[in-house]
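All residue numbers for the sequence shown refer to the working numbering, where the first residue is 20 and numbers rise by one.
Note sheet for the following structure.
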Amino acid sequence: MNKYPLWKNALLIILLLIAVVYAIPNLFGKDPAIQISSSTPGLALDESNVQQVKTILDAHHLVYRSAILQQKNILVRFSDTDTQLQANTVLRDELGSPYIVAVTLESATPNALMALGAQPMKLGLDLQGGVDLLLQVDTDSIVEKQAQNAVRSIGDELRQAKARYTGIAAKGNTGIGIRLATLDDVRNAQDVLNNRFPNYTWTKNFNQDPLQLAGALSLSAAQSTTQSTMDQMMNTFRRRVNELGVSEAVVQQQGPDRISVDLPGVQDAAQAQDIIGKTANLEFHLVDSKADAGDAVSGLMPVGDELFNYNGAPVLLTNRILLAGDSIVDASTSFDESGRPAVSIRVGGSDVTLFSRVTGNNIGQPMAVVYVETKPQQDTGVDGKPVITYKQERRVINVATIQSALGESFQVTGLSSPDEAKNLALLLRAGTLAAPVAMIAERTIGPSLGQQNIHLGTISMEIGMLFIVLFMLFYYRLFGLVAGLGLLVNLIFLTAILSVIGATLTVAGLAGIVLTAGMAIDYNVLIYERIREEIRSGITPQPAIHAGYDKAFATIIDANVTTLIVGLILFALGSGAVKGFAITLTIGLFTSIVSSVTYTRMLVNWIYGAKKVKALSIGINPPQKTSFQPQKVQG
Numbered sequence: 020m021n022k023y024p025l026w027k028n029a030l031l032i033i034l035l036l037i038a039v040v041y042a043i044p045n046l047f048g049k050d051p052a053i054q055i056s057s058s059t060p061g062l063a064l065d066e067s068n069v070q071q072v073k074t075i076l077d078a079h080h081l082v083y084r085s086a087i088l089q090q091k092n093i094l095v096r097f098s099d100t101d102t103q104l105q106a107n108t109v110l111r112d113e114l115g116s117p118y119i120v121a122v123t124l125e126s127a128t129p130n131a132l133m134a135l136g137a138q139p140m141k142l143g144l145d146l147q148g149g150v151d152l153l154l155q156v157d158t159d160s161i162v163e164k165q166a167q168n169a170v171r172s173i174g175d176e177l178r179q180a181k182a183r184y185t186g187i188a189a190k191g192n193t194g195i196g197i198r199l200a201t202l203d204d205v206r207n208a209q210d211v212l213n214n215r216f217p218n219y220t221w222t223k224n225f226n227q228d229p230l231q232l233a234g235a236l237s238l239s240a241a242q243s244t245t246q247s248t249m250d251q252m253m254n255t256f257r258r259r260v261n262e263l264g265v266s267e268a269v270v271q272q273q274g275p276d277r278i279s280v281d282l283p284g285v286q287d288a289a290q291a292q293d294i295i296g297k298t299a300n301l302e303f304h305l306v307d308s309k310a311d312a313g314d315a316v317s318g319l320m321p322v323g324d325e326l327f328n329y330n331g332a333p334v335l336l337t338n339r340i341l342l343a344g345d346s347i348v349d350a351s352t353s354f355d356e357s358g359r360p361a362v363s364i365r366v367g368g369s370d371v372t373l374f375s376r377v378t379g380n381n382i383g384q385p386m387a388v389v390y391v392e393t394k395p396q397q398d399t400g401v402d403g404k405p406v407i408t409y410k411q412e413r414r415v416i417n418v419a420t421i422q423s424a425l426g427e428s429f430q431v432t433g434l435s436s437p438d439e440a441k442n443l444a445l446l447l448r449a450g451t452l453a454a455p456v457a458m459i460a461e462r463t464i465g466p467s468l469g470q471q472n473i474h475l476g477t478i479s480m481e482i483g484m485l486f487i488v489l490f491m492l493f494y495y496r497l498f499g500l501v502a503g504l505g506l507l508v509n510l511i512f513l514t515a516i517l518s519v520i521g522a523t524l525t526v527a528g529l530a531g532i533v534l535t536a537g538m539a540i541d542y543n544v545l546i547y548e549r550i551r552e553e554i555r556s557g558i559t560p561q562p563a564i565h566a567g568y569d570k571a572f573a574t575i576i577d578a579n580v581t582t583l584i585v586g587l588i589l590f591a592l593g594s595g596a597v598k599g600f601a602i603t604l605t606i607g608l609f610t611s612i613v614s615s616v617t618y619t620r621m622l623v624n625w626i627y628g629a630k631k632v633k634a635l636s637i638g639i640n641p642p643q644k645t646s647f648q649p650q651k652v653q654g
């Protein structure tokens with residue numbers, strides 16, 4: 020009785036050893052480091068670049084632990100963050116725009132463990148330090164843009180169906196108004212619109228005009244379009260974060276129109292805001308050399324043109340966009356023939372053919388590159404409350420004569436500095452944002468504060484668990500020691516699982532671990548008190564142990580169902596710290612049950628199993644049996 024079979028003991032020990040392997044990396048900590056990569060996607064650095072980095076650091080008397088090639092990048096480790104930040108400034112200045120230099124924290128885990136895939140838990144901003152950005156997306160522009168795109172498509176469909184119309188335009192953010200030529204055209208158009216554009220609800224006799232149709236985008240379609248765009252923007256943010264070289268970044272949606280970006284280890288909040296939240300794009304337009312720009316300045320604007328200023332002189336561009344940033348698949352910094360900063364661009368997609376044909380037909384004519392940036396600004400609404408509006412700034416950065424038909428690769432010049440070229444290339448590489456965004460909150464946590472949070476969190480865990488173990492030892496004696504060992508097993512499993520799944524540990528997660536430890540001890544208290552009750556009822560120690568574990572197990576499961584439901588709800592509806600707490604709590608439920616029931620039972624079996632036992636060391640006042648009735652218990 021009370022003896023696990025050999026295979027079960029072996030399985031539990033093997034599982035524990037595996038958990039130890041994947042939990043141990045968290046004891047080694049992380050080194051301050053700098054990651055250096057090429058600003059050209061796919062270009063790998065080599066040993067000559069490593070030697071160049073070492074030479075720069077040695078020349079500035081900056082001490083580093085190691086500088087090695089890691090995959091396609093260079094990783095330099097330091098002993099402290101002060102040296103790391105100094106080296107970051109020096110390397111940025113010395114290496115220049117062809118390289119991306121980013122501060123990070125790298126695991127100090129031995130290579131043998133890393134070869135097994137063992138990695139430490141990711142640390143959140145409150146433990147590691149970094150920048151937390153909250154951005155608000157202009158969702159109105161998303162559905163408005165969809166309506167504008169629909170106007171063009173509707174016009175094409177009506178022409179193909181020979182439904183004549185005298186006007187078609189977007190109305191508000193989500194509506195479309197169409198005026199047909201005759202009632203027959205109205206009926207014909209309505210059939211086409213209902214079949215080809217089911218996302219819109221079409222109404223006849225709008226504004227008492229029998230020739231007018233009005234379309235309103237359905238709520239479900241608007242929500243679907245908005246969510247699809249939000250997903251696309253989060254992917255763009257992730258690519259921009261990767262371009263910054265930030266490891267362990269977290270990009271997640273908060274509510275219907277907000278996105279949170281956590282950048283652990285980043286201390287330059289200004290650079291993060293400039294790269295993450297900038298809505299920048301390029302447009303290529305032909306210069307209208309036939310019209311007089313001076314007349315346009317006087318107010319005689321030619322139809323289909325737009326007036327700009329370039330190098331202090333007016334220039335007229337045609338409204339037609341030959342190519343936009345959406346077609347750019349790669350961009351890297353370079354220099355033109357005069358040694359000035361430039362961006363080398365490679366394009367793809369269906370627009371390339373049109374671009375090549377138009378430039379081929381206009382050889383010898385000037386073409387302009389327009390830099391477009393949408394900036395948020397705070398205004399006062401009609402109710403006196405602040406509202407965020409968006410202003411688009413457009414400026415010509417280059418005008419050049421077309422020498423030949425442009426294909427997939429070409430160069431953009433006219434940039435003011437290497438930094439402008441580097442940032443523009445980064446933004447174009449990562450992809451343009453599908454909608455304007457505004458930075459509504461920014462929080463920077465220094466690395467020293469993160470270390471303080473880790474120290475205080477660790478101290479609180481150690482003190483809390485020490486008191487728990489001391490109480491269990493005092494009250495339950497030998498069984499209290501077993502509970503303490505079970506608690507250690509629980510923490511090992513919990514840490515290992517959190518590390519394997521790549522969970523991000525925050526201060527709230529530390530609180531979840533402490534709560535999990537308390538819950539695990541509660542399970543042992545339930546089991547031990549059940550054993551004491553069995554002994555008081557007259558059952559001998561061995562059957563009492565068996566009955567105590569079996570009968571308490573059902574109670575433990577019942578008690579955790581509601582906690583599990585709460586944890587799942589917090590995970591589904593929460594974000595940030597709340598979600599981290601929910602993950603720790605939910606996983607902790609299962610590890611607590613396994614450790615408190617299975618592993619402590621194994622230890623108790625080793626101590627008391629298959630032996631003649633007269634009494635159990637299970638309390639300061641050992642329970643006395645009131646009567647003795649021998650019972651046979653299966654087990």
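The beta-carbon is built from N, C-alpha and C at its ideal position, and this holds for glycine as well.
In this text, all values refer to a predicted model and were calculated from it rather than measured experimentally.
Boundaries of the beta strand (DSSP E) harbouring ASN92: 92-96, taken from the DSSP string. Looking only at VAL371, PHE354, ALA453, the smallest Cα-Cα distance to GLN430 is reached by PHE354. The beta-carbon distance between GLY531 and GLY607, rounded to whole angstroms, is 6 Å. This is short enough to meet the 8 Å contact definition. Under the Cβ criterion (8 Å, minimum of three pairs), the segment 324-340 counts as touching the segment 298-315. By the 16-neighbour rule on beta-carbons within 10 angstroms, VAL285 is buried. Counted as a single uninterrupted DSSP element, the alpha helix (DSSP H) harbouring GLU66 occupies residues 66-78. For a cut-off of 8 Å, the C-beta gap from VAL306 to VAL334 is around 6 Å, short enough to register as a contact. DSSP places SER56 in the strand class (E or B) of the three-state scheme.
For ILE197, the closest C-alpha among the options ASN624, SER160, LEU230, LEU144 is that of LEU230. For ARG96, the closest alpha carbon among the candidates ALA453, PHE486, THR123 is that of THR123. Judged by beta-carbon spacing, VAL162 lies beyond the 8 Å limit of ALA235, meaning their Cβ atoms are not closer than that value. Taken atom to atom, the span from the alpha-carbon of LEU524 to that of GLY426 is near 49 Å.
When rounded, the separation of the alpha-carbon atoms in LYS297 and LEU447 is 11 Å.
ASN21 places its beta carbon 8 Å or farther from that of ASN579. Distances from the alpha-carbon of LEU513 to those of LEU500, PHE498, LEU529, GLY499 put LEU529 closest. Per DSSP, LEU447 has no beta-bridge partner at all. Taken through DSSP and simplified to helix, strand or coil, MET386 comes out as strand. In this structure, the alpha-carbon of LYS181 lies about 16 Å from that of ASN213. Scanning ILE550, ALA200, ASP228 for the CA closest to the CA of THR185 turns up ALA200. Excluding residues up to 5 positions away in sequence, VAL501, GLY505 lie with their Cβ nearer than 6 Å to the Cβ of THR619 in the same chain.
Using a Cβ-Cβ distance cut-off of 8 Å, the segment 452-467 and the segment 141-153 are in contact, since at least three pairs of beta carbons, one from each stretch, lie closer than that value. Shown here for THR378: same chain residues with a beta carbon closer than 6 Å to its own, the five before and five after excluded, namely ILE421, ALA424, LEU425 in chain order. For ALA453, DSSP assigns no beta-bridge partner whatsoever.
Its chain contains VAL156, ILE278, LEU452, ALA453, ALA454, VAL456 as the residues whose beta carbon lies nearer than 8 Å to that of MET252, once the 5 sequence neighbours on both sides are disregarded; these appear in chain order. Segment contact: the segment 565-584 against the segment 535-549, three or more CB-CB distances shorter than 8 Å; contact assigned. For ALA515, the closest of ILE558, ILE37, PRO360 by C-alpha to C-alpha distance is ILE37.
Membership of GLN103 in the alpha helix (DSSP H) is indicated by the continuous run 100-114. GLU125 and LEU132 have their alpha carbons spaced roughly 14 Å apart. With a 10 Å radius around the Cβ and a threshold of 16 neighbouring Cβ atoms, GLY537 comes out exposed.
About 5 Å separates the CB atoms of SER346 and VAL366; that is less than 8 Å, so the two are in contact. Distance from the CA of LEU301 to the CA of GLY358, rounded to the nearest whole angstrom, comes to 22 Å.
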